[in-house]
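Report on the structure given below.
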Amino acid sequence: MIDVGRPAEAVADAVAEAGVIGGLPLGRYYAELDPELANCLLVCATEKRTARDITAFRDALAGVLAQ
118 MIDVGRPAEA VADAVAEAGV IGGLPLGRYY AELDPELANC LLVCATEKRT ARDITAFRDA
178 LAGVLAQ
């Protein structure tokens, strides 16, 4: 889980626009239980993801958060 410090739904959408799956915005499902989850993304990398895939996600997320 990554707390992105702003609405995670918008962050995930922006990362997706960069061509990378941006994680699952937890607020979509759990905001009523914990409002702070609206700023959190659930991210997972399995053995099917390469180092290049993970680096692409990191760079896309960093670019979105720098804006």
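Convert by adding 117 to the 1-based position in the sequence shown; the result is the number in this note's numbering. A virtual CB, placed ideally from N, CA and C, is assigned to each residue, including glycine. In this text, all values refer to a predicted model and were calculated from it rather than measured experimentally.
### Task
Give the DSSP-derived three-state secondary structure of leucine 159 in the structure shown.
Counting from one through the sequence shown, the residue named residue 159 turns up at place 42. It is a strand residue.
### Message
Below 8 angstroms, how does it come out for the segment 165-172 and the segment 119-132: are there three or more Cβ pairs, yes or no?
### Response
Too few Cβ pairs lie closer than 8 angstroms, so no.
### Query
Can you give the Cα-Cα distance for alanine 152 and valine 128, rounded to whole angstroms?
Along the sequence shown, one-based indexing puts residue 152 at 35. Along the sequence shown, one-based indexing puts residue 128 at 11. According to the sequence displayed, residue 152 carries proline and not alanine. If you take the alpha carbons of proline 152 and valine 128, they lie about 17 angstroms apart.
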